[in-house]
Amino acid sequence: MGHVISGFSPGEMMTVAAARALKSTDVCFVGIGAPSAACNLARMTHAPGITLIYESGTIGTRPTILPLSIGDGELCETALTTVSVPEMFRYWLQGGRITVGFLAGAQIDRYANLNTTVVGAYEAPKVRLPGGGGAPEIASCCGEVFITMAMSRRSFVASLDFVTSMGHGSGAGSREAIGVTTKGPTRVITDLCVLEPDSQTRELTVVSLHPGVTEAAVREACGWPLKIAREVGKTSPPAEEELRVLRDLHARTIRAHAGAS
Amino acid sequence: MSLFCSLREAIARNVHDGDVVAMEGFTHLIPFAAGHEVIRQGLKNLTLVRMTPDLLYDQLIGMGAVHRLIFSWGGNPGVGSLHRLREAVEQGWPCPLELEEHSHAAMANAYEAGATNLPFAVLRGYRGVDLPKVNSRIRTVQCPFTGEVLAAVPAIRPDVTLIHAQRADKEGNVLLEGIVGVQKQAVLAAKRAVVTVEEQVEELSAPSLNSVILPSWTMSAVVVVPGGAYPSYAQGYYRRANDFYIQWDEISRDRDRFRAWMHENVLSRGPEAYAVHARGRG
Numbered sequence: 001m002g003h004v005i006s007g008f009s010p011g012e013m014m015t016v017a018a019a020r021a022l023k024s025t026d027v028c029f030v031g032i033g034a035p036s037a038a039c040n041l042a043r044m045t046h047a048p049g050i051t052l053i054y055e056s057g058t059i060g061t062r063p064t065i066l067p068l069s070i071g072d073g074e075l076c077e078t079a080l081t082t083v084s085v086p087e088m089f090r091y092w093l094q095g096g097r098i099t100v101g102f103l104a105g106a107q108i109d110r111y112a113n114l115n116t117t118v119v120g121a122y123e124a125p126k127v128r129l130p131g132g133g134g135a136p137e138i139a140s141c142c143g144e145v146f147i148t149m150a151m152s153r154r155s156f157v158a159s160l161d162f163v164t165s166m167g168h169g170s171g172a173g174s175r176e177a178i179g180v181t182t183k184g185p186t187r188v189i190t191d192l193c194v195l196e197p198d199s200q201t202r203e204l205t206v207v208s209l210h211p212g213v214t215e216a217a218v219r220e221a222c223g224w225p226l227k228i229a230r231e232v233g234k235t236s237p238p239a240e241e242e243l244r245v246l247r248d249l250h251a252r253t254i255r256a257h258a259g260a261s
Numbered sequence: 262m263s264l265f266c267s268l269r270e271a272i273a274r275n276v277h278d279g280d281v282v283a284m285e286g287f288t289h290l291i292p293f294a295a296g297h298e299v300i301r302q303g304l305k306n307l308t309l310v311r312m313t314p315d316l317l318y319d320q321l322i323g324m325g326a327v328h329r330l331i332f333s334w335g336g337n338p339g340v341g342s343l344h345r346l347r348e349a350v351e352q353g354w355p356c357p358l359e360l361e362e363h364s365h366a367a368m369a370n371a372y373e374a375g376a377t378n379l380p381f382a383v384l385r386g387y388r389g390v391d392l393p394k395v396n397s398r399i400r401t402v403q404c405p406f407t408g409e410v411l412a413a414v415p416a417i418r419p420d421v422t423l424i425h426a427q428r429a430d431k432e433g434n435v436l437l438e439g440i441v442g443v444q445k446q447a448v449l450a451a452k453r454a455v456v457t458v459e460e461q462v463e464e465l466s467a468p469s470l471n472s473v474i475l476p477s478w479t480m481s482a483v484v485v486v487p488g489g490a491y492p493s494y495a496q497g498y499y500r501r502a503n504d505f506y507i508q509w510d511e512i513s514r515d516r517d518r519f520r521a522w523m524h525e526n527v528l529s530r531g532p533e534a535y536a537v538h539a540r541g542r543g
């Protein structure tokens, strides 16, 4: 995308902005990849009390490095407790104990539905992606959902090839119509901006632009005609402390994963 | 017949062409040694079941052992695609692969239904998503008390489940701890179960009265294979070889390189080759 902002990268801005969405009182189901970095950054900065949960069964985990998988030993060793996978999905997720699900995806549409299953037709896919894993029920059972993913026309698409997990369906009222009572996606944090669903239509709307990013740039990176709030905010740049903690975390992680053998 | 035996004997006795086989392990305790013995014995036409098929299933698929896969997430965690799985689905190489795809919640519930001897599992799931459109085994059931419509999936009942665990005592009672995944459910849901363990000990000395213990009489065979979960890990014994998971992306990308790797590291070796991984990585 080529947006080089002096002092920090768009990827760092995305992680920092995503971390800021979390509170110390949250109980958060953490997706792997970008969400994991954001959730642990939040825990290491402004939200030390946050409960992080990974689908491998680890509850209240406090890793010092980012796990490569959702089941690295580090997650279990630093957890308050580790439960079986059926217990995780039945008691804790379906049981309604989790306030925030933090997801990413390969594709997202204007109503924050996500695809991580296939590009192309399901029966004859151009690209077979890993699939839904925990996401379909994370999206429907958590109190609300945050999504973080980098923005491009390949990932922010007018129409999904496959709905792996439901956001706001085809717009306002979609969740309620099928008996889903949770809020669904309330915030999408990208490397360029922050989006939230419109209070009436539920269509994703840009509410804050990251430093140095123009309205034209976010429109260019989106595969549908993008709505931008009339009074769009400016995302605060990463504070020195946020950047330092994030960079230390990444450096420790790279050393640990490369040095495993 | 003795419960303890060689890996070759355990697989020959318990896994047959065309079987439904679950090799479970949620990142932790993945039964690589047992799965590699399945490849060495040239078993074919298997239906493999697993929530998180990763490198081991990529290898079985790439070697042409599998005709159907029941799963909920198929990738190299934190790294990317499984190239052998992708090529089987996208190009039918080395043979076409049928998929029965679920969500994690549904698979976890389906194993539990299998272990509880029920015909199906019920969950509040699959709402507003496309999987039920492409998987006719995802259906609905109405609650007889409230009228709520819920998702239903058939119980998983493997012919045989293969797992790896930390240790067994001399009677063959097995202990596993750490991230225990769905292994208990997968063993109790199956007709037969083969367990490889890091070591055999006089007494299990469970660190807690609530450790996961599978009694010897739930097993068909127990085999001591130190390092048998490598490049996955065994909590308390050795760590996950994240560097190998990263390297697999390159090894598996090309058919010829994949086959050469499998020949060198699986086909021409035996279970004793894992022992080196069991030491000095804790």
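Line order of the protein sequences matches chains W and X. So the first sequence is numbered by the numbering used here: it starts at 1 and just counts up by one. So the second sequence is numbered by the numbering used here: it starts at 262 and just counts up by one. Note that beta-carbon positions come from the ideal geometry of N, C-alpha and C, so glycine has one too. Note that the structure is predicted; figures quoted are calculated from it, not measured.
Is Gly-543 of chain X buried or exposed, if buried means 16 or more other CB atoms sit within 10 Å of its CB? For the purposes of this step, residue 543 of chain X is identified with residue 282 of the second sequence, where counting begins at 1. For Gly-543 of chain X, the predicted model reports a pLDDT of 48, less than 50, meaning its position is unreliable; a value from the coordinates is still stated below. It counts as exposed.
Out of X:Leu-304, X:Pro-468, X:Glu-459 and X:Val-473, point me to the one whose CA is closest to Val-448 of chain X's CA. For this step, residue 448 of chain X is matched to residue 187 along the second sequence. Among X:Leu-304, X:Pro-468, X:Glu-459 and X:Val-473, the Cα nearest to that of Val-448 of chain X is on X:Val-473.
Measuring only between beta-carbons, confirm whether Arg-530 of chain X sits less than 7 Å from chain W. Here residue 530 of chain X corresponds to residue number 269 of the second sequence, with the count starting at 1. No, Arg-530 of chain X lies away from the interface with chain W (no Cβ there is under 7 Å from its Cβ).
Using a Cβ-Cβ cut-off of less than 8 Å, give me the residues of the stretch 491-509 of chain X that come near chain W, in sequence order. Tyr-494, Gln-496, Arg-500, Arg-501, Ala-502, Asn-503, Asp-504, Phe-505, Tyr-506 and Ile-507
Taking the beta strand (DSSP E) that Phe-381 of chain X belongs to, which residues open and close that run? Reading the second sequence from its first residue, position 120 is the one you call residue 381 of chain X. From DSSP, the beta strand (DSSP E) with Phe-381 of chain X extends over 381-384.
Chain X beta carbons: is any one of them nearer than 7 Å to that of Ile-5 of chain W? By 1-based counting over the first sequence, the position of residue 5 of chain W is 5. Note on Ile-5 of chain W: pLDDT 44, under 50, position unreliable in the model; no value is reported.
Could you check where the alpha helix (DSSP H) with His-425 of chain X kicks off and where it finishes? Taking the second sequence and counting its residues from 1, the one referred to as residue 425 of chain X is at position 164. It is not in any alpha helix (DSSP H) - His-425 of chain X instead sits in the beta strand (DSSP E) that spans 421-429.
What span of residues does the beta strand (DSSP E) with Phe-505 of chain X cover, start to end? Along the second sequence, read from residue 1 onward, the residue named residue 505 of chain X stands at position 244. Here Phe-505 of chain X belongs to no beta strand (DSSP E); instead the alpha helix (DSSP H) covers 503-512.
Name the chain X residues whose beta carbon is nearer than 7 Å to that of Tyr-122 of chain W? Here residue 122 of chain W refers to the residue found at position 122 of the first sequence. Per Cβ cutoff of 7 Å: Val-395.
Assuming Leu-307 of chain X and Asp-280 of chain X form a contact by the criterion Cβ under 8 Å, report the distance between their Cβ atoms to the nearest whole angstrom. As a first step, residue 307 of chain X is located in the second sequence; it is residue number 46 there, counting from the start. As a first step, residue 280 of chain X is located in the second sequence; it is residue number 19 there, counting from the start. Confirmed, Cβ separation roughly 6 Å.
List, in order along the chain, the chain X residues whose C-beta lies closer than 9 Å to that of Ser-152 of chain W? Within the first sequence, residue 152 of chain W is the residue found at index 152, counting from 1. Residues of chain X passing the Cβ test: none, with the nearest at roughly 17 Å.
On the DSSP letters alone, give me the boundaries of the alpha helix (DSSP H) that Gly-233 of chain W sits inside. Taking the first residue of the first sequence as position 1, residue 233 of chain W is located at position 233. Segment 227-234 is the beta strand (DSSP E) holding Gly-233 of chain W; no alpha helix (DSSP H) there.
Should Phe-89 of chain W be flagged as near chain X, meaning a C-beta pair shorter than 7 Å? Sequence index remark: in the first sequence, residue 89 of chain W carries index 89 (1-based). Yes, its Cβ sits closer than 7 Å to a Cβ of chain X.
Per DSSP, Tyr-494 of chain X forms a beta bridge with which residues? Start at 1 with the first residue of the second sequence, and residue 494 of chain X comes out as number 233. Paired residue(s): X:His-289.
Tell whether a beta-carbon distance below 7 Å holds between Leu-358 of chain X and Ala-326 of chain X. Taking the second sequence and counting its residues from 1, the one referred to as residue 358 of chain X is at position 97. Taking the second sequence and counting its residues from 1, the one referred to as residue 326 of chain X is at position 65. Against a cut-off of 7 Å, the Cβ pair of Ala-326 of chain X and Leu-358 of chain X comes out as no contact.
Hey, quick one: how far does the alpha helix (DSSP H) through Ala-376 of chain X stretch, first residue to last? Here residue 376 of chain X refers to the residue found at position 115 of the second sequence. Element bounds for Ala-376 of chain X: 365-376.
Is Glu-76 of chain W close to chain X, meaning its C-beta is less than 7 Å from at least one C-beta of that chain? Within the first sequence, numbered from 1, the residue matching residue 76 of chain W stands at position 76. Per the sequence shown, residue 76 of chain W should be read as Cys rather than Glu. With 7 Å as the cut-off, Cys-76 of chain W counts as an interface residue toward chain X.
Cβ-based burial, Lys-445 of chain X [other Cβ within 10 Å; buried from 16]: Taking the second sequence and counting its residues from 1, the one referred to as residue 445 of chain X is at position 184. Flag for Lys-445 of chain X reads buried.
Thinking just about the alpha-carbon of each residue, which of X:Val-410, X:Ala-426 and X:Glu-298 is nearest to the one in Gly-179 of chain W? Counting from 1 along the first sequence, the entry for residue 179 of chain W is found at position 179. Closest by alpha carbon: X:Val-410.
Euclidean distance between Cα positions of Glu-123 of chain W and Val-310 of chain X: Within the first sequence, residue 123 of chain W is the residue found at index 123, counting from 1. Within the second sequence, residue 310 of chain X is the residue found at index 49, counting from 1. Answer to the nearest angstrom: the Cα atoms are 20 Å apart.
Which residues of the stretch 442-459 of chain X have a Cβ closer than 9 Å to any Cβ of chain W? Give them in chain order. Gly-442, Val-443, Gln-444, Lys-445 and Gln-446
Determine the direct distance from the alpha carbon of Pro-314 of chain X to that of Arg-515 of chain X, and round the result to whole angstroms. Here residue 515 of chain X corresponds to residue number 254 of the second sequence, with the count starting at 1. Here residue 314 of chain X corresponds to residue number 53 of the second sequence, with the count starting at 1. Rather than Arg, the amino acid found at residue 515 of chain X in this sequence is Asp. Those two C-alpha atoms are separated by around 19 Å.
Which residues in the same chain as Glu-237 of chain W place their Cβ atom closer than 6 Å to its Cβ, once the five residues preceding and following it in sequence are excluded? Counting from 1 along the first sequence, the entry for residue 237 of chain W is found at position 237. Note that residue 237 of chain W is Pro in the sequence shown, not Glu. Excluding positions up to five away in sequence, the list reads Pro-211.
When DSSP labels each residue in this structure, what does Ala-349 of chain X get in the three-state scheme? As a position in the second sequence, residue 349 of chain X is number 88, starting the count at 1. Correct three-state label for Ala-349 of chain X: helix.
Apply the 10 Å Cβ neighbour rule to Asp-248 of chain W and answer buried if 16 or more other Cβ atoms are within range, or exposed otherwise. Along the first sequence, read from residue 1 onward, the residue named residue 248 of chain W stands at position 248. Asp-248 of chain W should be labelled exposed.
Would Pro-476 of chain X be called buried (16 or more neighbouring beta carbons within 10 Å of its own) or exposed? As a first step, residue 476 of chain X is located in the second sequence; it is residue number 215 there, counting from the start. Exposed is the call here.
Nearest neighbour of Ile-138 of chain W, chosen from W:Asp-161, W:Tyr-111 and W:Tyr-54 [CA to CA]: Along the first sequence, read from residue 1 onward, the residue named residue 138 of chain W stands at position 138. Out of W:Asp-161, W:Tyr-111 and W:Tyr-54, W:Tyr-54 has the C-alpha closest to the C-alpha of Ile-138 of chain W.
For Val-163 of chain W, go through chain X and note every residue whose CB falls closer than 8 Å to its CB, in chain order. For the purposes of this step, residue 163 of chain W is taken as residue 163 along the first sequence, with counting starting at 1. Chain X residues near Val-163 of chain W: Gly-389, Val-390 and Asp-391.
What first and last residue would you give for the alpha helix (DSSP H) that runs through Leu-316 of chain X? As a working note, residue 316 of chain X is residue 55 in the second sequence. Unbroken alpha helix (DSSP H) run through Leu-316 of chain X: 316-323.
Given Cys-39 of chain W, which residues of its chain have a CB within under 7 Å of its CB, disregarding the five upstream and five downstream residues? For the purposes of this step, residue 39 of chain W is identified with residue 39 of the first sequence, where counting begins at 1. For Cys-39 of chain W, where only same-chain residues beyond five positions count, the Cβ hits under 7 Å are Leu-22, Cys-28, Val-30, Leu-52 and Phe-102.
Helix, strand or coil: how does DSSP classify Ser-36 of chain W here? By one-based count along the first sequence, residue 36 of chain W stands at place 36. If DSSP states are grouped into helix, strand and coil, Ser-36 of chain W belongs with the helices.
Cα-Cα, which of W:Arg-20, W:Trp-224 and W:Ala-34 is closest to Ser-152 of chain W? Translated into the one-based positions of the first sequence, residue 152 of chain W becomes position 152. The candidate whose alpha carbon is nearest that of Ser-152 of chain W is W:Trp-224.
Check the DSSP bridge columns for Ser-165 of chain W and list the partner residues they point to. Locating residue 165 of chain W in the first sequence gives position 165, counting from the first residue. Bridge partners of Ser-165 of chain W: W:Leu-114.
Would you please verify whether the beta carbon of Asp-72 of chain W is less than 7 Å from any beta carbon of chain X? In the first sequence, counting from the first residue as 1, residue 72 of chain W sits at position 72. Closer than 7 Å to some Cβ of chain X, the Cβ of Asp-72 of chain W qualifies, so yes.
DSSP puts Leu-195 of chain W in a beta bridge; with which residues? Here residue 195 of chain W refers to the residue found at position 195 when the first sequence is read from its first residue. Answer by DSSP bridge pairing, in chain order: W:Val-188 and W:Val-206.
Could you tell me whether any Cβ in chain X is nearer than 7 Å to the Cβ of Met-166 of chain W? Against the first sequence, residue 166 of chain W aligns to sequence position 166. Yes, Met-166 of chain W lies at the interface with chain X (some Cβ there is under 7 Å from its Cβ).
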